[in-house]
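Note sheet for the following structure.
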Ligand code: HEM
Ligand SMILES: [Cu+2]
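Chains as they are written, first to last, in the numbering used here: chain A, 1 to 662; chain B, 663 to 861.
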């Protein structure tokens, strides 16, 4: 573990300090471990593969799938940048460009940014909470399979030239049948509704997991910040996703069944789309950054070897961001001719939201400033998150002001802003988090030297690509144009931007190489390579299927740092606690205080989630091709799967004796 | 240090009692579905307040069918609650009778709603009013259909002896969902039938 520190330049070899990790005692005798292994292991063969409900497997699948989509979306971006590198280029037709930027946006926002965070949270939550699984393991599997099916649904249209082409926000009337007669927008509408089911299912799972599935003693003021972030995002998803699902349903009906929701001629209102879309879209923007900010808040302090400064403020700010976030959707509609009073109000509200965001930034800076920093690769990524967040935040506040927005809306300034926010706070945080947690997931360290190269390419490439875009916007280059004239003064800057995009992409490529070599031949990580404070570092890497042989008893916010921090006399018990091995079971606690409350029997492997997702794919496919029969078959199969799902089992025992391990 | 002791203390195993993990999950479902109806009603109000024509174009809809339908649906919630309590107390017979009556009342509600649809002088694709009218009532009707399906399955399981004394949770979830559908109807009713009479 000290080799990490050895590799860090400027640190002069091993580091020793009050937070030097002590390897957690692992008291589980072989037979308990073996017993639990048998209880919790997957079924053999294909049944286990398609039927697994292990949150770790599902989390990893989520992450891999979303990275595949990140790469697809990235390739689309590179093709766009080839086209835009020179004036009057003809690599792409305007139609192709429309599909590319739309699919790029849809992919990055819906198929990468959110799912990758769900993957992390799926993996990390039970480990950080000291539980053996999520509240609804089968729903967990379901949300993954639905995500995959919806992604396939959206992408299957691409080779046929029928990919969505109305932007990720799908504004009507551009997307109405008259202006977009092909199936492209139907794919978008149905695909988003499909994906929305997956998100909703996953969100409900997170909320209930938080309420019930924590180690005894893990009260709400002891939760890691990533839990706060994902919890907030999940609650927001429950409230926000129906808005876009409804908007898409109405658009699909308008296009296919002649309704008049958005059509002026029949008394409809095009702006209704924008209201519903941004009622969803703005909170969603926070849903794809708050969990990522949570990762930074939990992992950065480890590399600064001190607890996060202002825990309570950061947790509160996380929730506050979302609350305000639901009230500012109108700032995406400043240019639509709304009443001035409404505009002023929403402009002011949008300034307010900068305050809770700034709280996190100041807390991170203070943590670094007062910490004893190790210049590890995760640290580099997390500090760059701070920098990029500040730049993106400043340009965000600029666009929240009316006068500015009226000038800049739909120019490259916006493209610059949104990439600073999305890549800066989501992607850089995720990559840093992979350096930080991959050792836990795989049991192997990633190479620090290569990691520095990755960081260099990504950081320089990113700024080279997106910083000049602000300038392009200020001098008037509109977004979503497939080319521009040579005499417009955009040429040189665009070339720089395109070069930057390729440098950035090289960084991503190196990053994948870095992961691959780590998985093949990385140094063994041991349980706690960074000296982390939270529960996941108390178990072996990679974690056993059952996570915790003994469900620990938590007494503080940093169970693994208690000796060093000296924050009072309370001590968590990691080696003794509840031993539940009468079958596949874990402990449920009371929602607020985390008092042991109930023994939860967990479901085993099941093919139902997979079957349900296939049925849903048939249903949506039928709707897309306009075949009522196919849709009915898919729908009926889905309902049958649900009935089997809820089939009652013989009543279990009423109570169980609790076994304590000490 | 490596000994496991068994305490005298016992904890309930989930599956008994009605407030299980699934109960919390159901609340999440209500949150997201409830807000879906909120957005539908928002759309109704938005289209009504921004449109050019009278709203509703053909005057407030008649209450002739809607009132009996409402009485049926709201009444069925009480019957179902009665049935659930009896079944939980071990009186399976009464539970089944109550469940059967609830299903009949729910089916009655559906029949009345479909009749009302058939009687409308306009169709889905006529105007923004007809579109949102059918979408709002249709979304609710779909929920009734789903709830009805759940009750029928529960009924069948009960006849087949699959749900018995210890399955409070199954009954609790189905009942809760039915109450939810019922409460939502009150909002839909207020929107469609009452609000046009108030302006
Ligand atoms: C190599 C990295 C990337 C490059 C070079 C890139 C480039 C681009 C380009 C050229 C556009 C089209 C601008 C226009 O014509 O209006 C665009 C749009 C967009 N990008 Fe990226 N992008 C990258 C990564 C990302 C990531 C990681 C995300 C999100 C997490 C993202 C989200 C978006 C969104 C939401 C849009 C707007 C699409 C729309 O207007 O519908 N991009 N990007
Ligand atoms: Cu916004």
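Cβ atoms here follow ideal geometry from the backbone N, Cα and C, with glycine treated the same way.
One or two residues paired with residue i in a DSSP bridge
i, result
"residue 362 of chain A", "For residue 362 of chain A, which the question treats as bridged, DSSP gives no partner whatsoever."
"residue 551 of chain A", "A:578"
"residue 304 of chain A", "Looking at the DSSP assignment, residue 304 of chain A forms no beta bridge with any residue, so it has no partner."
"residue 517 of chain A", "The partner list for residue 517 of chain A (beta bridge, DSSP) is empty, contrary to what the question assumes."
"residue 655 of chain A", "B:674"
"residue 478 of chain A", "A:411"
"residue 726 of chain B", "None; residue 726 of chain B has no bridge partner."
"residue 746 of chain B", "Its beta-bridge partners do not exist; DSSP assigns none."
Residue i - DSSP class collapsed to helix/strand/coil
i, result
"residue 674 of chain A", "In the structure as shown, chain A begins at 1 and stops at 662. Residue 674 of chain A is therefore absent and cannot be evaluated."
"residue 589 of chain A", "strand"
"residue 47 of chain A", "helix"
"residue 597 of chain A", "strand"
"residue 847 of chain B", "helix"
"residue 527 of chain A", "coil"
"residue 539 of chain A", "coil"
"residue 61 of chain A", "helix"
"residue 286 of chain A", "helix"
"residue 660 of chain A", "strand"
"residue 573 of chain A", "strand"
"residue 824 of chain B", "coil"
"residue 222 of chain A", "helix"
"residue 177 of chain A", "coil"
"residue 444 of chain A", "strand"
"residue 353 of chain A", "coil"
Residue j beta carbon less than 8 Å from that of residue i
i, j, result
"residue 597 of chain A", "residue 588 of chain A", "yes"
"residue 97 of chain A", "residue 86 of chain A", "no"
"residue 133 of chain A", "residue 224 of chain A", "no"
"residue 620 of chain A", "residue 641 of chain A", "no"
"residue 349 of chain A", "residue 377 of chain A", "no"
"residue 150 of chain A", "residue 198 of chain A", "yes"
"residue 272 of chain A", "residue 244 of chain A", "no"
"residue 535 of chain A", "residue 128 of chain A", "yes"
"residue 39 of chain A", "residue 584 of chain A", "yes"
"residue 290 of chain A", "residue 196 of chain A", "no"
"residue 116 of chain A", "residue 431 of chain A", "no"
"residue 799 of chain B", "residue 775 of chain B", "yes"
"residue 444 of chain A", "residue 519 of chain A", "yes"
"residue 138 of chain A", "residue 208 of chain A", "no"
"residue 749 of chain B", "residue 757 of chain B", "yes"
Residue i beta carbon near ligand 3 (any heavy atom closer than 7 Å)
i, result
"residue 421 of chain A", "In terms of ligand content, the structure shown lacks ligand 3 and carries ligand 1 and ligand 2 instead."
Other residues of its chain near residue i: CB distance less than 6 Å, five sequence neighbours each side excluded
i, result
"residue 59 of chain A", "119, 122, 123"
"residue 319 of chain A", "232"
"residue 421 of chain A", "392"
"residue 270 of chain A", "172, 173, 262"
"residue 717 of chain B", "710"
Neighbourhood of residue i by C-beta, 7 Å cutoff - its chain only, sequence neighbours within 5 removed
i, result
"residue 248 of chain A", "189, 192, 193"
"residue 103 of chain A", "76, 158, 163, 164"
"residue 19 of chain A", "Confidence at residue 19 of chain A is low in this model, with a pLDDT of 36, below 50, so its placement is unreliable and the value that follows should be read with caution. Cβ within range, chain order: 305, 531, 561, 564."
"residue 517 of chain A", "447"
"residue 556 of chain A", "222, 562, 567, 570, 572"
"residue 595 of chain A", "216, 589"
Cβ neighbours of residue i in the same chain (closer than 8 Å, five flanking residues each side left out)
i, result
"residue 461 of chain A", "500, 501, 502, 503, 504, 505, 506, 507"
"residue 641 of chain B", "Residue 641 of chain B lies beyond the residue range present for chain B, which begins at 663 and ends at 861; the question has no answer from this structure."
"residue 455 of chain A", "377, 380, 381, 384, 507"
"residue 406 of chain A", "334, 335"
"residue 737 of chain B", "767"
"residue 490 of chain A", "87, 472, 475, 477, 484"
Chain-ordered neighbours of residue i on chain D, where CB pairs are closer than 9 Å
i, result
"residue 846 of chain B", "Among the protein chains of the structure shown, namely A and B, there is no chain D."
*Along the region 830-842 of chain B, what residues have a CB closer than 7 Å to any CB found in chain A?*
Listed by position, the residues of the region 830-842 of chain B near chain A (Cβ gap below 7 Å) are 832.
_Short-range partners of chain A found in the region 787-799 of chain B, where Cβ spacing is below 9 Å_ = Of all residues in the region 787-799 of chain B, the ones placed with a Cβ closer than 9 Å to any Cβ belonging to chain A are 787, 788, 789, 790, 791, 792, 793, 794, 796, 797, in chain order.
*asked:* Counting only Cβ-Cβ distances shorter than 7 Å, please list the residues of the region 691-710 of chain B near chain A, keeping chain order.
replied: Flagged, chain order: 691, 693, 694, 697, 698, 701, 702, 705, 708, 709.
_Give me the subset of the region 191-220 of chain A whose CB atoms are less than 7 Å from a CB atom of chain B, sorted by chain position._
In summary, the residues of the region 191-220 of chain A whose CB is separated from some CB of chain B by less than 7 Å are 200, 204, 207, 208, 211, 212, in the order they occur in the chain.
*Selection of the region 244-261 of chain A by Cβ proximity to chain B, strictly under 9 Å*: Listed by position along the chain: 245, 246, 247, 249, 250, 253, 254, 257, 258, 259, 260, 261.
*Below 7 Å between beta carbons is the criterion; list the residues of the region 116-140 of chain A that meet it against any residue of chain B, in chain order.*
For the region 116-140 of chain A, the set of positions with a beta-carbon nearer than 7 Å to some beta-carbon of chain B reads 135, 136 in chain order.
*Please list the residues of the region 574-587 of chain A that have a C-beta atom closer than 7 Å to any C-beta atom in chain B, keeping them in chain order.*
Result list: 579.
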